[in-house]
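Counting from 6, one number per residue, gives the positions in the sequence shown under the numbering used here.
Glycine residues also receive a C-beta, built at the ideal position from the N, C-alpha and C atoms.
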Amino acid sequence: MAANAMLANRMTTAPLMAVASSSTPSAALEATPRVFGVLARTGVQSMRLNSAMWGMKLQATVSPKPVKAGSSVAMAAYDDDEIEESEEDITAAYEALYGKAFEGLKKGAAVDENLSDDTRGRRGDRRGGKNADDKMEERVVQVRRVTKVVKGGKQMSFRAVVVIGDKKGTVGVGVGSAKEVITAVQKSATDARRHLVTVPMTKYLTFPHRADGEYGAAKVMLRPAATGTGVIAGGAVRVVLELAGVENALGKELGSKNPLNNARAVVEAVGKMKQFRDVARDRGIPMEELWK
């Protein structure tokens with residue numbers, strides 16, 4: 006019995022030392038099958054595998070009872086709770102493989118402008134639009150399903166019309182299409198940020214004068230109103246005026262009722278408006294002369 010125990014111990018220890026002394030993962034993997042075969046033949050009931058860096062440590066408990074010929078011994082799976090590795094060991098192994106981990110910015114440390122991506126925005130914003138975090142209020146005017154006829158059949162998609170504004174005199178109208186509604190709305194909002202316009206307003210939050218706008222078959226009429234009147238308009242005209250910050254105005258849709266064309270017609274009409282100081286400067290007269 007003593008001779009058999011010594012022989013089993015020698016057969017088990019030699020492959021284990023070969024795996025533990027392996028300097029590369031490939032060498033350890035090549036020696037692993039031989040270890041498992043020896044462990045199964047010598048009656049190993051449980052083992053613990055703990056890998057750290059390139060070396061492997063195997064702890065085995067050999068059953069004192071010999072294994073009968075023709076019988077199979079199943080190796081017990083290791084329990085995750087038994088593996089105890091401190092955070093320092095894990096950190097040291099990670100840094101040895103991939104370098105020092107990023108620990109974050111220290112308090113009071115300056116951020117490199119070249120590395121900061123907050124002010125530049127994404128790819129679509131660099132082509133003329135502003136960042137999404139610009140405190141702009143978005144409102145969906147229309148979402149409709151459109152079809153594109155191609156050689157292979159019909160391609161269904163969604164088109165969205167979105168109006169954005171800060172209610173301080175800046176407003177924009179955008180349109181975008183995509184396979185999904187959410188993506189279409191995001192595209193149209195980005196397009197609206199690329200086409201922002203400034204709405205001239207007086208201190209009473211109304212238009213300085215009347216103006217008309219046309220876009221396609223849509224015609225829009227805009228008129229100033231007295232304080233307390235509110236926004237008397239409907240459809241896309243009302244949405245554009247509210248997001249622009251206009252509180253007293255009259256609007257009327259003439260011609261087509263298409264929301265996109267009417268919204269763009271409002272932008273055209275707003276572009277024709279001028280402040281009193283701009284008119285006086287263009288005429289070369291004092292601002293007081295305009296009231297005579």
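N- and C-terminal bounds of the beta strand (DSSP E) containing residue i
i: L255; result: A254 to G260
i: D217; result: A216 to Y220
i: V284; result: No beta strand (DSSP E) contains V284, which is instead part of the alpha helix (DSSP H) from F281 to R288.
i: V225; result: A223 to P229
Separation of residue j from residue i, as counted between CA atoms
i: K277; j: K184; result: 36 Å
i: A189; j: V148; result: 9 Å
i: A222; j: E273; result: 13 Å
i: A285; j: P291; result: 6 Å
i: L246; j: F163; result: 26 Å
i: N266; j: K297; result: 38 Å
i: G239; j: S193; result: 21 Å
i: V180; j: H200; result: 11 Å
i: R144; j: V178; result: 10 Å
i: Q50; j: V186; result: Because the pLDDT at Q50 is just 42, under 50, the model does not fix this residue reliably, and the value given afterwards should be weighed accordingly. Cα to Cα, the separation comes out at about 59 Å.
i: D196; j: E142; result: 14 Å
i: G289; j: H214; result: 20 Å
i: D287; j: K156; result: 56 Å
i: K153; j: S182; result: 11 Å
i: V146; j: Q191; result: 13 Å
i: I95; j: A101; result: 10 Å
i: E293; j: A254; result: 25 Å
i: V151; j: G158; result: 14 Å
i: Y99; j: E93; result: 10 Å
i: Q160; j: A231; result: 50 Å
Best match in the options for proximity to residue i [C-alpha to C-alpha]
i: A216; options: R288, E258 and A197; result: E258
i: D283; options: V272, L295, T188 and E273; result: L295
i: F212; options: G170, F281, S91 and E93; result: F281
i: R243; options: G233, A268, Y209 and K156; result: A268
i: G233; options: A98, Y209, E92 and V166; result: Y209
i: E252; options: P229, S261 and V166; result: P229
i: P205; options: D94, E219, K172 and Q160; result: K172
i: V202; options: A249, V146, T152 and A254; result: A249
i: S261; options: L255, E100 and M226; result: M226
i: V236; options: G256, K224 and V271; result: G256
i: R198; options: T175, E100, G218 and K224; result: T175
i: A270; options: K279, R288 and K224; result: K224
i: K279; options: A231, T207, E219 and K153; result: T207
i: G170; options: A254, K140, V146 and R150; result: K140
i: A165; options: V275, E293 and P264; result: P264
i: I241; options: D94, V167, E293 and S91; result: Here the sequence assigns Ala to residue 241, which means Ile is not the residue at that position. The residue with the shortest Cα to Cα distance from A241 is V167.
i: G218; options: D94, V275 and E293; result: V275
Those residues which DSSP pairs with residue i across a bridge
i: K153; result: Q160
i: A165; result: V148 and G181
i: E143; result: I169
i: I237; result: L255
Any non-hydrogen atom of the ligand GTP closer than 7 Å to residue i Cβ
i: F212; result: No copy of the ligand GTP appears in this structure; indeed no ligand is present at all.
Residue i - containing alpha helix (DSSP H), residue span
i: G5; result: Because the chain is modelled from 6 through 297, residue 5 falls outside the range shown and cannot be assessed.
i: G174; result: Premise fails: G174 is in no alpha helix (DSSP H) and is neither H nor E.
i: L295; result: Run containing L295: none; DSSP gives neither H nor E here.
i: N266; result: P264 to G276
Considering only residues of the stretch 183–214, which uninterrupted alpha helix (DSSP H) runs meet the minimum length of 4 residues and lie entirely inside it, listed in chain order?
186–198
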